[in-house]
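Protein chains: 2
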Amino acid sequence: MTVRAVTIADVAAAARVSRATVSRVMNGVPTVNGEIADRVRTVVGELGYSPSDTARSLSLGQSKTVGVLVPDLSNPTFQQILQGFNSAAAADGYRILVTDSHEEVDDEAALVLDARNRTDAVLLCSPRMSEEQLAELLPTVKPAIVITREAHFQTEASVSADFIFGIRTLAEHLIALGHTRIAYLDGPAIRNSQTTLDTLFREVEMAHPGVTIRRVPCGSSLSDGYYAWDTLKDTTVTGVLAFNDLLALGLLGRLNEDRVPVPGRVSIAGFDDIHFARFASPPLTTMKLPKPSIGEAAWVALRAELKGEAHVAPAIFRPELMSRQTTGPRQ
Amino acid sequence: MTVRAVTIADVAAAARVSRATVSRVMNGVPTVNGEIADRVRTVVGELGYSPSDTARSLSLGQSKTVGVLVPDLSNPTFQQILQGFNSAAAADGYRILVTDSHEEVDDEAALVLDARNRTDAVLLCSPRMSEEQLAELLPTVKPAIVITREAHFQTEASVSADFIFGIRTLAEHLIALGHTRIAYLDGPAIRNSQTTLDTLFREVEMAHPGVTIRRVPCGSSLSDGYYAWDTLKDTTVTGVLAFNDLLALGLLGRLNEDRVPVPGRVSIAGFDDIHFARFASPPLTTMKLPKPSIGEAAWVALRAELKGEAHVAPAIFRPELMSRQTTGPRQ
DNA sequence: CTGTTAGCGCATTCAC
DNA sequence: GTGAATGCGCTAACAG
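As structure tokens, then:
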């Protein structure tokens, strides 16, 4: 914008028609005289006119745009979810506006509000805020839906990945390979997923006497994984589960650097199956998430809300084990 | 938006004041009676009012937002440039709206136009469109600036990376290691950078008799690099330069998979120095680009244009050689 | 089939 | 210090 160079009025004047007619031509309304339409189009071309989306949005009462909040756009996982979401939305004529919170929990609410003020709805992708904050925010920004890594937020999360199932699968995988001392690299401290995970680990330990799974605070980035070795190396841990692939890959890079054999000395498993996982050396064992499908499901849910339809049933996606080379028998 | 739940009028009515007063309170205009202001704020809280950015934009004549076009958001390089740009812009109270062209050259112009119609200016990050298209588009969307990988588009590119210098450096690096048969994995076919690169390679060949550098059409993604080996493996090439790190990393992944020693059988060099480069195995030799600085410089240039100041001098960034382990003596 | 009128939600002159 | 009126650029009835 910035004091629009050429407006609909300019075009109307130059084409000697009313603004309404210009509007009709621009929107492809068929009931316009061919000659007039041509004349308008010509002028549009000459003046380089292009309608202000802001004005259209205000007038139409909708922007045909939905906002998306992600905690970290540099994480390939979110990019892929976003792609699935984006193409699905695009197919319905919607565009997206993405905002990255950079893992700053305290900024999330404001960012969502902000995004919502210029769009018709919002998608909260793995919000890091507490469940309470979320519950408070949601009603003020709806239509809104949230994608979560845990399936137990049934009230809010329309789309979720069965993280617990995935971690259990990975744990069993390591245990089957003979590992008994396992570490879990924790993701961003969020919500009350804490207890859920603890419960899982206790269950697994119960089922497999002799096995211990220890949680280690970590983070969500490559470097978080890289530095995790500092606290891990002096332990007897032989198997490591990571909150996500970034963590696992960062750790793997560190181990390669320190010439620690993988999976000889320690087995590593990630979560998400980002592209790089396959290209790592050795290729990373991880749980594959159908990221584009998750994005699509999110759009389907959001579109339903947009249309005011009945709530669609929450979609829960099960990850799939990609057993590659970073995990092997305990030695 | 979507038929705004609560508007400024609602707040005004509930607080028994005029809309103008509500507006003043919302914008922190000091000349408002304390009690009234408090009353308004209370109502705002109760009603959960939050001003429509769309309406504000239209009224103010500016959105305090700038659009950014990138060819591939999943490429970490662009993310980092974006981050630099974003934080610089944020410091000046501007927000950004990103659009990803997914390397679809033909969509770029429309996307830029689209973005520009809801923002005050646009940044074209490594546009893939032809120089002619760019020249035609630019005037219609200004204020606009472009970031380029080549320094020779002096007329348009406000910020650029000295790609030619970087590739030359890498070529010399390989040659110094004894490589004489070198392949260059080409990026997206764009503009007329073709001849520039050819010129460079001829120069290098002249300066080093016996050396040949062959261009191989490739692409810009991990998988493009992965499949490049299919055409490379039957050649006598011992050194490979890649358009970017993604290509190099994809190729490296393939070579690890096929158990082809790197750099024993073939040396590889990338370009950009994305995070993953360091974590690859072996760590990737590449040219480091000051990506955040590039982003910041872009904002400085764009801000100047926004203010209608004189054109700032084009900024050209020189990449720096990061000699790591994917390049070694010819064997 | 085209022009006139009104209004989307907000900020901002201008009087009061 | 506050309210009433006007306009940002566009679309959508409504007439004609």
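Just so you know, the protein sequences line up as chains A and B, in that order.
The opening residue of the first sequence carries number 1109 in the numbering used here; numbering runs sequentially from there.
The opening residue of the second sequence carries number 1109 in the numbering used here; numbering runs sequentially from there.
For every residue, glycine included, the Cβ atom is placed at its ideal position computed from N, Cα and C.
Item to complete: Could you have a look at B/Gly1136 and say whether DSSP puts it in helix, strand or coil?
Response: Coil.
Item to complete: Select from the stretch 1198-1210 of chain B all residues with a C-beta closer than 7 Å to any C-beta belonging to chain A, and list them in chain order.
Response: From the stretch 1198-1210 of chain B, only Leu1205 and Val1206 have a Cβ closer than 7 Å to chain A.
Discussion item. Please confirm whether A/Gly1436 has its beta-carbon closer than 8 Å to some beta-carbon of chain B.
Written reply: Against chain B, the CB of A/Gly1436 has no partner CB under 8 Å away; the residue lies outside that interface.
Practice prompt. Spell out a yes or no on whether the stretch 1288-1295 of chain B and the stretch 1341-1353 of chain B are touching, meaning 3 or more CB-CB pairs, one atom from each, closer than 8 Å.
Written response: The stretch 1288-1295 of chain B is in contact with the stretch 1341-1353 of chain B.
Worksheet item: Quick one, which of A/Phe1273, A/Ser1126, A/Val1213 and A/Ala1356 has its alpha-carbon nearest A/Pro1235's?
Response: Comparing Cα-Cα distances from A/Pro1235 to each of A/Phe1273, A/Ser1126, A/Val1213 and A/Ala1356, the minimum goes to A/Val1213.
Item to complete: Could you tell me whether the stretch 1354-1363 of chain B touches the stretch 1301-1310 of chain B, where touching means 3 or more Cβ pairs closer than 8 Å?
Response: Result no; under three Cβ-Cβ pairs closer than 8 Å.
Discussion item. Do A/Leu1177 and A/Thr1139 count as a contact pair if the criterion is CB distance below 8 Å?
Written reply: No; because the gap between Cβ atoms is not below 8 Å, this pair is not in contact.
Item to complete: Just grab the DSSP bridge partners of B/Asp1208 for me.
Response: Looking at the DSSP assignment, B/Asp1208 forms a beta bridge with B/Val1178.
Practice prompt. Please specify which runs of the beta strand (DSSP E), each continuous and at least 3 residues long, are wholly inside the stretch 1336-1424 of chain B, giving them in chain order.
Written response: Secondary structure remark: continuous beta strand (DSSP E) runs of at least 3 residues inside the stretch 1336-1424 of chain B, in chain order: 1347-1350, 1375-1377 and 1394-1396.
Fill in: Between the CA atoms of A/Gly1201 and B/Ala1284 - distance to the nearest angstrom
Our two residues, B/Ala1284 and A/Gly1201, have alpha carbons roughly 54 Å apart in a direct line.
Discussion item. To the nearest angstrom, how far is the alpha carbon of B/Arg1149 from that of A/Gly1403?
Written reply: Cα to Cα, the separation comes out at about 38 Å.
Worksheet item: B/Leu1181 touches chain A at which residues, Cβ-Cβ below 7 Å?
Response: What B/Leu1181 touches in chain A: Gln1187.
Practice prompt. Take B/Gly1153 as the anchor and find which of B/Asp1180, B/Thr1185, B/Asp1118 and B/Gln1187 has the nearest alpha-carbon.
Written response: Checked all of B/Asp1180, B/Thr1185, B/Asp1118 and B/Gln1187; the closest Cα to B/Gly1153 is B/Asp1118.
Fill in: Environment of B/Ser1209 [buried if 16+ CB atoms lie within 10 Å]
Taking a 10 Å sphere around the C-beta of B/Ser1209, we find 16 or more other C-beta atoms and assign the residue as buried.
Discussion item. Please list, in chain order, the chain A residues whose beta carbon lies closer than 9 Å to that of B/Asn1225.
Written reply: Within chain A, Met1109, Ser1158, Pro1159, Ser1160, Asp1161, Thr1162 and Arg1164 have C-beta atoms less than 9 Å from the C-beta of B/Asn1225, given in sequence order.
Fill in: Terminal residues of the beta strand (DSSP E) in which A/Pro1325 lies
Looking at the DSSP string, the run of the beta strand (DSSP E) that includes A/Pro1325 is Thr1320 to Pro1325.
Discussion item. Less than 8 Å between the beta carbons of A/Gly1378 and A/Leu1392, yes or no?
Written reply: In this structure, A/Gly1378 places its C-beta atom within 8 Å of the C-beta atom of A/Leu1392.
Worksheet item: Does the beta carbon of B/Leu1340 come closer than 8 Å to any beta carbon on chain A?
Response: Chain A contact via Cβ: absent.
Discussion item. Quick check: the Cα distance between B/Val1111 and A/Gln1170, rounded to an integer number of angstroms?
Written reply: Only weak support is given to the placement of B/Val1111: the predicted model assigns it a pLDDT of 49, under 50, and the value that follows is read from those uncertain coordinates. Here the alpha carbon of B/Val1111 sits roughly 7 Å from the alpha carbon of A/Gln1170.
Practice prompt. Could you list the residues in the stretch 1232-1254 of chain B with a C-beta less than 7 Å from some C-beta on chain A, going in chain order?
Written response: Answer in chain order: Thr1248.
Discussion item. To test your reading of the DSSP string, which unbroken alpha helix (DSSP H) runs of 4 or more residues are found completely within the stretch 1221-1285 of chain B?
Written reply: You should have 1239-1249 and 1271-1284.
Practice prompt. Could you tell me which chain B residues have their CB closer than 9 Å to the CB of A/Ala1401, listed as they occur along the chain?
Written response: According to the sequence displayed, residue 1401 of chain A carries Ser and not Ala. Correct list: empty, because the minimum Cβ distance to chain B is about 17 Å.
Discussion item. Please report the distance separating the alpha-carbon of B/Arg1310 from that of B/Ser1331.
Written reply: Cα to Cα, B/Arg1310 sits roughly 29 Å from B/Ser1331.
Worksheet item: Within 7 Å: the Cβ of A/Cys1326 and any heavy atom of the ligand HEM?
Response: Because no ligand of any kind appears in the structure shown, any question about the ligand HEM cannot be addressed here.
Item to complete: Using the Cα positions of A/Pro1179 and B/His1316, report the straight-line distance between them to the nearest angstrom.
Response: Cα-Cα distance, rounded: 50 Å.
Discussion item. Buried or exposed, going by whether 16 or more other CB atoms sit within 10 Å of the CB of A/Gly1327?
Written reply: Label assigned to A/Gly1327: buried.
Worksheet item: Can you tell me where the alpha helix (DSSP H) with B/Ala1145 in it begins and where it stops?
Response: For B/Ala1145, the enclosing alpha helix (DSSP H) starts and ends at Gly1142 to Leu1155.
Worksheet item: Exposed or buried, what is B/Gly1136 when buried is set at 16 or more other beta-carbons lying within 10 Å of its beta-carbon?
Response: When all chains shown are included, B/Gly1136 counts as exposed.
Practice prompt. Using beta-carbon positions only, say whether A/Thr1339 and A/Arg1289 come within less than 8 Å of one another.
Written response: No, the pair does not count as a contact, with Cβ atoms beyond the cut-off.
Worksheet item: Is DSSP giving A/Asp1294 helix, strand or coil here?
Response: For A/Asp1294, the secondary structure class from DSSP, reduced to helix, strand or coil, is strand.
Worksheet item: Just reading off the alpha helix (DSSP H) that A/Lys1194 is part of, what are its end residues?
Response: According to the sequence displayed, residue 1194 of chain A carries Asn and not Lys. It spans Pro1184 to Ala1199 - the alpha helix (DSSP H) in which A/Asn1194 sits, taken as one unbroken run.
Item to complete: Under 7 Å Cβ to Cβ from B/Ile1382, same chain only, skipping five residues before and after it: list those, please.
Response: If you ignore the 5 residues before and after B/Ile1382, its C-beta comes within less than 7 Å of the C-beta of Pro1184, Thr1185 and Asp1353, all in its own chain and listed in chain order.
Item to complete: List the residues of chain A whose Cβ lies closer than 9 Å to the Cβ of B/Leu1221, in chain order.
Response: What B/Leu1221 touches in chain A: Ser1158.
Practice prompt. Could you check which residue in B/His1419, B/Thr1227, B/Ile1255 and B/Val1312 has the C-alpha nearest to that of B/Lys1172?
Written response: Checked all of B/His1419, B/Thr1227, B/Ile1255 and B/Val1312; the closest Cα to B/Lys1172 is B/Thr1227.
Worksheet item: Taking all protein chains shown into account, do 16 or more other C-beta atoms lie within 10 angstroms of the C-beta of B/His1281, making it buried, or fewer, making it exposed?
Response: The Cβ neighbour count for B/His1281, taken over all protein chains shown within 10 Å, is at least 16; the residue is labelled buried.
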